[in-house]
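Participant: Mind having a look at this structure? Questions to follow.
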Amino acid sequence: MQKCLLCQQPLRFKLTLPWLLSWQTWPHPVVCPTCWQTFERITPATACISCGRQLTRRQMCSDCQRWPSQPRFYNQALFCYNAAMHDYFQRYKFQGDYRLRAVFAAAMQQRLATLAADCVVAIPVTPATMQYRGFNQVTGWLGTGLNDPVGLQTIAQTKARPQSQKTRAERLTTSQPFSLSSTFTVTNQRVVIVDDIYTTGRTIRHAADLLLESGAKSVIGLTLAR
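Right under this line is the structure:
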């Protein structure tokens, strides 16, 4: 019997008559309902119009009001960064459990399919991180059959300190860490940048600034968590 990727309990799902009559393919769930309910989904109708943060009504949050206006960029986030999401990233991103990409792959790909994008770009990891971890946590969710998300490159070979170890002030003063591949063009294209967590927004806004300066028509950010 298949087990939940998060709690290792057996997965038990009831087959309903409407589902059987729909002739749909069995979705192969990887997480039990109990674990799934620990993640807090963001409601777009009451999210920040700039970063996707969950609010009580749709407006710009106080953090985004401090950023210079960039009308051609905004971010959408799927889930709040709560305790369950923190534990997920500890196992997936920092402990390198690549199986856990399947937990949110469908949710990310479904939202991505709703965005009018000519090009999908994943935030890259440094070569040193790739060698240590063995994978990019963002492309792990994207699966196959999507645009090749390799146009964005890191300038540095290694990170002096991971973003997760920096204070908010240190993150906000980070210099541009990205460059575009010489064979990659975004001229007059609608680009979606995919990243894992929107914290201060510095990383994804660096990427958006570079893409817009390189001729992109518009840029939307898509992050798993905010």
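Residue numbering for the sequence shown follows my numbering, starting at 872 and increasing by one per position. Idealized CB from N, CA, C, for every residue including glycine. Values in this document were obtained by computation on a predicted structure and should not be read as measured data.
1. Of all the CB atoms in chain D, is at least one closer than 8 Å to the CB of Val-1065?
2. From the DSSP secondary-structure annotation, give me the bridge partner or partners of Thr-909.
3. When the Cα of Arg-956 is compared with those of Thr-1074, Asp-1067, Met-872 and Thr-1044, which residue comes out closest?
4. Report, in whole angstroms, the separation of the C-beta atoms of Ser-921 and Cys-903, which I expect to be a contact under 8 Å.
5. Excluding sequence positions up to five away, which residues of its chain have a Cβ less than 7 Å from the Cβ of Phe-975?
6. The alpha helix (DSSP H) with Asp-968 in it runs from where to where?
7. Note down, in chain order, each residue of its chain lying with its Cβ closer than 6 Å to the Cβ of Lys-964, except the 5 sequence neighbours on either side.
8. Which residues mark the beginning and the end of the alpha helix (DSSP H) in which Gln-1002 is found?
9. Just confirm the distance between the C-beta atoms of Leu-876 and Leu-971, as a whole number of angstroms; I'd bet it's less than 8 Å.
10. Would you report the Cα separation of Val-1063 and Gly-923, rounded to the nearest angstrom?
11. Strictly by DSSP, which residues pair up with Asn-946?
12. Using only the alpha-carbon positions, how far apart do Gln-880 and Leu-1082 sit?
13. For Arg-1061, which of helix, strand or coil comes out of DSSP?
14. Name the residue from Cys-919, Ser-1085, Asp-989 and Thr-927 whose alpha carbon lies nearest to the alpha carbon of Tyr-1069.
15. Which partner residues does Val-991 have in the DSSP bridge list?
16. Return yes when the Cβ of Val-1057 is within less than 8 Å of the Cβ of Cys-990, no when it is not.
17. Quick one: what's Ile-1068 bridged to in DSSP?
18. Between Thr-917, Pro-998 and Leu-983, which has its C-alpha nearest Cys-951's C-alpha?
19. For Ser-933 and Phe-884, I'd like the C-alpha separation in whole angstroms.
20. Among all the DSSP beta bridges, which residues are the ones paired with Ala-918?
21. Under a three-way DSSP split, which group does Pro-939 fall into?
22. Compare the C-alpha of Arg-1073 against each of Phe-1055, Leu-1051 and Gln-1047 and name the closest.
23. Once the 5 residues before and after Gln-873 are set aside, which same chain residues still bring their CB inside 6 Å of it?
24. Could you check whether the Cβ of Ala-916 sits closer than 7 Å to any heavy atom belonging to the ligand ZN?
Facilitator: Quick look at the numbers:
1. The structure shown contains no chain D, having only a single protein chain.
2. DSSP output for Thr-909 lists no bridge partner at all.
3. Correcting the residue type first, residue 956 is Met in the shown sequence and not Arg. Sorting Thr-1074, Asp-1067, Met-872 and Thr-1044 by C-alpha distance to the C-alpha of Met-956 places Asp-1067 at the top.
4. The distance from the Cβ of Ser-921 to that of Cys-903 is about 35 Å, inconsistent with a contact at the 8 Å cut-off.
5. Within the same chain, Phe-975 has close Cβ partners Trp-1012 and Leu-1095.
6. Where Asp-968 is concerned, there is no enclosing alpha helix (DSSP H), given that its DSSP letter is neither H nor E.
7. Once the five neighbours on either side are set aside, the close Cβ partners of Lys-964 are Gln-1008.
8. Here the alpha helix (DSSP H) through Gln-1002 covers 998-1004.
9. The pair is a contact, with the Cβ atoms about 6 Å apart (cut-off 8 Å).
10. Roughly 14 Å between the two C-alpha positions.
11. Answer by DSSP bridge pairing, in chain order: Gly-1092.
12. In this structure, the straight-line span from the alpha carbon of Gln-880 to that of Leu-1082 is close to 44 Å.
13. The DSSP-derived three-state label of Arg-1061 is strand.
14. Cα-wise, what sits closest to Tyr-1069 is Cys-919.
15. For Val-991, which the question treats as bridged, DSSP gives the partners Val-1063.
16. Yes, these two residues count as a Cβ contact at 8 Å.
17. Checking the DSSP bridge columns, you'll see Ile-1068 partnered with Ala-1096.
18. For Cys-951, the nearest C-alpha among the options comes from Thr-917.
19. Per the coordinates, the alpha-carbon of Ser-933 lies some 42 Å from the alpha-carbon of Phe-884.
20. By DSSP's assignment, Ala-918 forms a beta bridge with Gln-925.
21. Coil.
22. Of all alpha-carbon atoms in Phe-1055, Leu-1051 and Gln-1047, the one lying nearest the alpha-carbon of Arg-1073 is that of Gln-1047.
23. Around Gln-873: Leu-882.
24. Of ligands this structure carries none, so the ligand ZN is not represented either.
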